[in-house]
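To keep things clear, I will list the structure first and then write my remarks on it.
2 protein chains.
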Amino acid sequence: MTDRERARQHLSQSPRMSKGERTRQRIIDSATELFSRSGYRAVSLRDIASHAGITHAGVLHHFPNKEATLIHVLSKRDAVDAPLVLDEGISHRELIDNIVRIVERNTGTPGLVALYVNLSAEATDPAHPAHEYFFGRYQILRELLVPAFAELLGDRPHPTPEVAAQQFLALQDGLQVQWLLDPGTVDMRGAVVSFLRTLGITVPDDPAGPAAPADPARPTGTDSTGGADPT
Amino acid sequence: MTDRERARQHLSQSPRMSKGERTRQRIIDSATELFSRSGYRAVSLRDIASHAGITHAGVLHHFPNKEATLIHVLSKRDAVDAPLVLDEGISHRELIDNIVRIVERNTGTPGLVALYVNLSAEATDPAHPAHEYFFGRYQILRELLVPAFAELLGDRPHPTPEVAAQQFLALQDGLQVQWLLDPGTVDMRGAVVSFLRTLGITVPDDPAGPAAPADPARPTGTDSTGGADPT
Chain V
1 MTDRERARQH
11 LSQSPRMSKG
21 ERTRQRIIDS
31 ATELFSRSGY
41 RAVSLRDIAS
51 HAGITHAGVL
61 HHFPNKEATL
71 IHVLSKRDAV
81 DAPLVLDEGI
91 SHRELIDNIV
101 RIVERNTGTP
111 GLVALYVNLS
121 AEATDPAHPA
131 HEYFFGRYQI
141 LRELLVPAFA
151 ELLGDRPHPT
161 PEVAAQQFLA
171 LQDGLQVQWL
181 LDPGTVDMRG
191 AVVSFLRTLG
201 ITVPDDPAGP
211 AAPADPARPT
221 GTDSTGGADP
231 T
Chain E
1 MTDRERARQH
11 LSQSPRMSKG
21 ERTRQRIIDS
31 ATELFSRSGY
41 RAVSLRDIAS
51 HAGITHAGVL
61 HHFPNKEATL
71 IHVLSKRDAV
81 DAPLVLDEGI
91 SHRELIDNIV
101 RIVERNTGTP
111 GLVALYVNLS
121 AEATDPAHPA
131 HEYFFGRYQI
141 LRELLVPAFA
151 ELLGDRPHPT
161 PEVAAQQFLA
171 LQDGLQVQWL
181 LDPGTVDMRG
191 AVVSFLRTLG
201 ITVPDDPAGP
211 AAPADPARPT
221 GTDSTGGADP
231 T
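Sequence lines, in order, name chains V and E. The first sequence begins at 1 in the UniProt record's numbering and counts up by one. The second sequence begins at 1 in the UniProt record's numbering and counts up by one.
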């Protein structure tokens with residue numbers, strides 16, 4: 001390593017990244033922010049370049065087209081969440097708890113929530129470049145959740161594990177729209193935990209989480225604005 | 001009425017519409033279809049003109065800008081659904097039944113489902129022209145549903161009517177995304193009815209509905225691909 005490299009590492013916020021890696025990172029960060037705000041289709045590669053403070057040609061040096069940035073935006077996100085749901089050895093109980101934890105964590109990242117809400121909506125069109133991604137994502141999540149609900153619902157004849165898995169995922173997605181529109185009125189974690197509780201599945205309180213009620217002593221059912229503070 | 005007008009009425013598909021009204025209708029139909037497919041932001045007024053087979057100037061004669069078409073697309077839809085949920089004199093029980101009926105009817109109109117999924121996602125951005133519309137829409141629906149659930153949940157201590165209303169709306173929205181991505185695996189009506197049943201609220205079967213199972217004798221829980229046929 002040269003002195004200059006050492007100095008650059010010392011000065012840089014991401015010391016282990018090369019200049020090229022940092023540029024790629026900046027492009028992906030800009031793409032993530034713009035897709036979160038406007039969806040994929042309404043954003044151009046030139047918009048991404050301009051937001052990142054890089055020339056259009058500079059972006060093309062790293063990503064051949066806009067679709068390539070989308071794939072990287074989605075993969076980057078999955079790399080964070082995948083171990084919480086996909087790792088072998090996770091019990092059915094832990095899978096549900098981890099998903100509740102992701103719901104809770106999401107209240108701290110409205111931009112990423114908006115990214116998923118916008119991209120999954122657009123991607124319902126079979127011609128959208130993320131269609132296969134979202135199709136597969138729900139397939140995988142349902143395949144994981146059906147045996148989990150089959151165990152956790154026990155002898156309960158209703159709903160079937162298949163329906164419970166669809167409801168559990170749908171509830172999370174729908175709550176995100178209401179929460180983004182009006183964060184003060186929706187407690188995403190609370191509503192998901194309540195759904196599970198109705199099915200006889202209790203989830204431990206997580207007072208350290210960002211979505212925990214500000215006042216755990218607050219009686220339930222008296223405050224229609226909910227207890228979550230997403231800020 | 002001149003002979004020519006009479007002849008035009010006779011030949012036209014919408015005999016009571018003037019030529020101008022038919023043109024407006026064609027523009028709104030094109031806007032609805034394009035917004036459903038790509039969202040609002042990615043569609044231009046020129047795209048709408050081209051799809052409707054009208055010049056850009058012709059569209060501008062009827063609508064000053066793209067936002068005006070959006071307002072008309074949303075109002076047109078509301079005019080159909082509003083009587084089912086907003087009419088005075090609808091009981092709490094009828095409100096829930098009518099919403100289940102709308103869910104069922106939606107399985108016959110995937111384009112309109114995609115329109116709402118796409119627009120509500122985009123409109124989570126406070127800068128989107130439909131933000132106030134969707135903000136108000138959920139507010140009104142929750143205000144109608146909270147007293148309905150307060151009555152129908154009876155003495156049940158959990159969930160609160162506020163949480164049940166949010167869950168009920170979220171479930172419908174989330175199911176639409178899964179259903180659009182993979183219609184064969186999701187029975188939207190079935191999942192909503194199942195949610196209500198878990199809360200002790202039964203909904204009468206509607207075998208004439210488009211979302212009724214093809215084979216009522218099919219055992220539940222053994223077929224993970226579901227029984228709904230949305231076509």
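Even for Gly, the Cβ is constructed at its ideal location relative to N, Cα and C.
*asked:* According to DSSP, simplified to helix, strand and coil, what is E:R46?
replied: helix
*Whose CA, out of E:L84, E:L196, E:R26, lies closest to the CA of E:F149?*
E:L196
*So is E:R46 buried or exposed if we call it buried at 16+ other beta carbons inside 10 Å?*
exposed
*For the stretch 142–210 of chain E, which segments carrying the alpha helix (DSSP H) assignment without a break, of at least 4 residues, lie completely within its bounds, in sequence order?*
161–181, 188–198
*Would you identify the three-state DSSP class for E:A212, choosing helix, strand or coil?*
The pLDDT assigned to E:A212 is 39, lower than 50, so where the model puts this residue is not dependable, and the model offers no usable value.
*asked:* Please identify, using Cβ separations under 8 Å, the residues of the UniProt domain "HTH tetR-type" (21–81) of chain V that lie next to chain E, in order along the chain.
replied: R37, S38, G39, R41, A42
_When E:G200, E:S91, E:F35, E:P126 are compared against E:G154, the one with the closest alpha-carbon_ = E:G200
*Note the first and the last residue of the continuous alpha helix (DSSP H) segment covering V:H62.*
56–62
*Could you work out which residue in E:D97, E:R101, E:Q172, E:T185 is closest to E:T202 when comparing CA atoms only?*
E:D97
*Given V:S30 as reference, the closest of V:D187, V:G111, V:L84, V:R101 once Cα atoms are compared*: V:G111
*Excluding five sequence neighbours on each side, which residues of the same chain lie with their C-beta closer than 7 Å to the C-beta of V:V193?*
V100, V203
*Exposed or buried, what is E:K19 when buried is set at 16 or more other beta-carbons lying within 10 Å of its beta-carbon?*
exposed
*Return helix, strand or coil for V:D81, following the three-state DSSP convention.*
helix
_Can you tell me whether V:L86 is buried or exposed? The criterion is at least 16 other CB atoms within 10 Å of its CB, across all chains shown._
exposed
*Taking all protein chains shown into account, do 16 or more other C-beta atoms lie within 10 angstroms of the C-beta of V:V80, making it buried, or fewer, making it exposed?*
exposed
*Output the distance between the C-alpha atoms of V:S38 and E:E122, rounded to the nearest integer angstrom.*
6 Å
*Residues that E:E151 contacts on chain V, provided the C-beta gap is smaller than 7 Å*: Simply none; closest approach about 15 Å.
*Listing by chain order, which chain E residues have their CB less than 7 Å from the CB of residue 232 of chain V?*
For residue 232 of chain V there is no data in the structure shown, the boundaries of chain V being 1 and 231.
*So, helix, strand or coil for V:E67, using DSSP?*
helix
*Among V:R41, V:S91, V:P83, which residue has its Cα nearest to the Cα of V:N65?*
V:R41
*With E:S30 as the anchor, note down where its alpha helix (DSSP H) starts and where it stops.*
19–38
_Proximal residues of chain E, C-beta to C-beta of V:H92 below 8 Å_ = Those do not exist, as V:H92 stays about 16 Å from chain E at its closest Cβ, beyond 8 Å.
_Let me see if you follow: with CB-CB separation under 8 Å, is V:D173 close to chain E or not?_
yes
*N- and C-terminal bounds of the alpha helix (DSSP H) containing E:E94*: 92–106
*Under 7 Å from the C-beta of V:Y133: neighbouring residues of chain E*: Simply none; closest approach about 10 Å.
*Taking the C-alpha atoms as reference points, what is the distance between V:R218 and V:L175?*
Residue placement at V:R218 is flagged as unreliable, the pLDDT there being 35, under the threshold of 50; the coordinate-derived value follows with that caveat. The straight-line gap from Cα to Cα measures roughly 22 Å.
*For V:G53, which of helix, strand or coil comes out of DSSP?*
coil
_When you compare the CB of V:T109 with every CB in chain E, is at least one pair closer than 8 Å?_
no
*Proximal chain V residues relative to E:S18, where beta-carbon distance stays under 9 Å*: None at all; the shortest Cβ gap to chain V is about 34 Å.
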